Amino acid sequence: MELMDKLKVLADSAKYDVSCVSSGSSRKNKPGGIGSSMPAGICHTFSGDGRCISLLKILMSNCCIYDCAYCVNRISNDLPRTAFTPDEIADLTINFYRRNYIEGLFLSSAVVKSPDHTMELIIRVVRRLREDYRFNGYIHIKAIPGADAALIEEAGSYVDRMSVNIELPTSDGLRLLAPQKKKEAILGPMGFISSKINETSDNKRRFRNSPEFVPAGQSTQLIVGATEDHDLGILKLSEGLYKRFGMRRVFYSAYVPVSNHPALPQAVKPPLLREHRIYQADWLLRFYGFKAEELLDESHKDFDTQLDPKCDWALRNLEQFPIEVNKADYFLLLRVPGIGVRSAQRIVKARMVQKLDFADIKKLGVVLKRARFFITCKGKYIDKLDASEDFIRINILAGSKQPPMVEPGYTQLSFLPPSNQAMLQGLRPWMALSAPTGEDVAASMTGEL
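For the sequence shown, the working numbering gives the first residue as 923, with consecutive numbering after it.
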C-alpha cells in the first residue's frame, strides 16, 4: 500500500481516540534541534462527528489481535488493514512539521502480535524523532496495556505525555465488550507512570538536570454510552483516577455505533450532549472544589441534559442559597451558577475596596441571567423573584436557547477525507437534536459555569 493510502486509512482509524489536547508541557528544548513543545498550539482538525482532534494523529497499525466489540479496529471487523514502519512515521512527522502542517505527534496503535511488540515499535518511532531528527516538538503516545514496565519507562523518557485508555467504566463492562482486556493490565501501567512522574519530580527538585519522564503528565479516555453505566459511576471513577494516579485529564467519548454486536446499544445517534455534561462536571471536580457525590447521588444518577451540572446541583440544593456576594468566601462563590473561577477571583479582590452591587459584578464577568437567582448584593436580590425550583428552571432555560455557535464557511486544514471536513458547514441532522447550545459552547471555551 502506498504511503498516502496508509495515511488515509490510519488517520481515519485514529479519529475515535479523543484523549489529546494542546500539550500543556513545560519541557525544555534541546539546543540545535527542530520544533518546539509550546504549552499551547498543537494543530487541530475536525472529524466527521464533530470532534476537534490533534495533528498529526495516526495509528501505527490497525491490525489488532483483540476483538473489542466497541472498536472499529477489532480483529473480526472487515476493513482495510495496514501498518506504518517506524521510519515512515518519523519521516512523515518531520516532513509535515517542515511544511508547517503540524506542531506535534499523537501516536496510538492497535495491538500488533503482543503488547510488548507494539510498544517496541512505538519506542522506535519516538527514539528516531528525538535522537536522529532532534525533534523538540510535542509527542503524545499511548502506553499499551499489558506492556512490560521497562518498555513504558523507556518510552516515557522520550515523550511529553502518555495515556492508557481505560475505555469502559466497570470491570463488568470490560468482561462483556472486551473480554481479552483485564482491569489490572490497564491500571498497572497507570500506577507505574504515576509513580515514575512523582519520582522524577522529586529528583528535579534536588538535581536540576535530572532526566525527565512524561513532563506533561498522563491522561485516559472513557467511552460514554457503550454500556448501561450511569453518570454517577463514571464521575466517581474519574474522581478516583485524578486522586490516585494524578491524571492530567480524563477524556470522554460519546459512543459511536460501529458494529451490530448484541451487547452494544443500538443507538441512533451518539450521546453528544451527555458527553458534554460529563465534561462540564469533570471541570467542576478539577477547578471548582465539587465532589462526585455532591453533583449526583443514588436518587439522581444521571445529569439533567437541559441544565449544566452546576445549575442542576444548585436547583437541588436551594436551601444553601442565596449567597451574599460581599461576604461569601471564594470557594462558596464558585458554587454559584454564573460565577466562574476568574469572576470569583475578581469579586474577592474588588470587594476589598468597596461594597459591590449587581452592576459591579456584571462588569466583573458574572453571568447574571443565571446567578441572579442565587445571590444577593448588600442583602438584596436584583429584583423581586420567585425562589421556587420550577420558576428558576423555566427562566434559566428560557435564557439559554440559542442556536449553536458555528461559523458557516469556516474550514481548517485536515488530513481526513473531504466528507469528514463538512462538519462546520452546518450540523448533521442527528447532531441538531443533541448538540450543545451556543451558551454551552461558550461555557466550554471560557470555563465559566
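Cβ atoms here follow ideal geometry from the backbone N, Cα and C, with glycine treated the same way. Being a predicted model, the structure only gives us computed values, none of them experimental.
{"Asked": "Status (buried if at least 16 other CB within 10 Å, exposed otherwise) for N1087", "Found": "buried"}
{"Asked": "Option in L1144, S1079, V1288 and L1217 with minimal Cα separation from S1132", "Found": "S1079"}
{"Asked": "Separation of D989 from M1345, as counted between CA atoms", "Found": "Here M1345 scores only 40 on pLDDT, less than 50, and its place in the model is too uncertain to base an answer on."}
{"Asked": "Stretch pair the region 1195 to 1202 + the region 1163 to 1171: three plus CB contacts closer than 8 angstroms", "Found": "no"}
{"Asked": "Bridge partner(s) assigned by DSSP for E1246", "Found": "T1298"}
{"Asked": "DSSP-derived helix/strand/coil call for L1206", "Found": "helix"}
{"Asked": "Where M1383 sits in the DSSP three-state scheme", "Found": "The structure shown does not extend to residue 1383, since the chain is modelled only from 923 to 1371, so the question has no answer here."}
{"Asked": "Pairwise C-alpha distance: V1275 and E1246", "Found": "17 angstroms"}
{"Asked": "Segment contact flag, the region 1046 to 1056 with the region 1109 to 1119, C-beta cutoff 8 angstroms, min 3 pairs", "Found": "no"}
{"Asked": "For I1028, the first and last residue of its enclosing beta strand (DSSP E)", "Found": "Correcting the residue type first, residue 1028 is Phe in the shown sequence and not Ile. Looking at the DSSP string, the run of the beta strand (DSSP E) that includes F1028 is G1026 to S1030."}
{"Asked": "Residue span of the alpha helix (DSSP H) that contains A1072, given as start and end", "Found": "A1071 to G1078"}
{"Asked": "Minimum C-alpha distance to T983 - residue among A1309, K1302, L1043 and E924", "Found": "Reading off the sequence, residue 983 comes out as Ser, not Thr. Among A1309, K1302, L1043 and E924, the Cα nearest to that of S983 is on L1043."}
{"Asked": "8 angstroms contact criterion, which P1244 and I1316 should meet: CB distance rounded", "Found": "Wrong, their Cβ atoms sit about 18 angstroms apart, outside the cutoff."}
{"Asked": "Assigned exposure category for P1002 - 16 Cβ within 10 Å defines buried", "Found": "exposed"}
{"Asked": "Residue nearest to V1270 in terms of C-alpha spacing, selected from P1259, L1286, G1260 and Q1202", "Found": "L1286"}
{"Asked": "Environment of G1211 [buried if 16+ CB atoms lie within 10 Å]", "Found": "exposed"}
{"Asked": "Selection from I1016, A1176, R1130 and L1157 that minimises the alpha carbon distance to D1224", "Found": "L1157"}
{"Asked": "Local Cβ density within 10 Å of Y1177, reported as buried at 16 or more and exposed below that", "Found": "buried"}
{"Asked": "N- and C-terminal bounds of the alpha helix (DSSP H) containing R1171", "Found": "No alpha helix (DSSP H) contains R1171, which is instead part of the beta strand (DSSP E) from R1171 to A1176."}
{"Asked": "Complete beta strand (DSSP E) runs within the region 1117 to 1165 (minimum length 3 residues, chain order)", "Found": "1140 to 1146"}
{"Asked": "Beta strand (DSSP E) runs wholly inside the region 1032 to 1069, at least 3 long, in chain order", "Found": "1060 to 1064"}
{"Asked": "Three-state class that DSSP yields for I1316 in the structure shown", "Found": "helix"}
{"Asked": "Opening and closing residue of the alpha helix (DSSP H) in which L981 lies", "Found": "That residue, L981, is in no alpha helix (DSSP H); its beta strand (DSSP E) goes K979 to L981."}
{"Asked": "Buried/exposed call for R874, threshold 16 Cβ in 10 Å", "Found": "Here the chain comprises residues numbered 923 to 1371, so residue 874 is not present and cannot be evaluated."}
{"Asked": "I1119 vs L1237 beta-carbon contact at 8 angstroms", "Found": "no"}
{"Asked": "Boundaries of the alpha helix (DSSP H) in which N1017 is found, first to last residue", "Found": "P1008 to R1020"}
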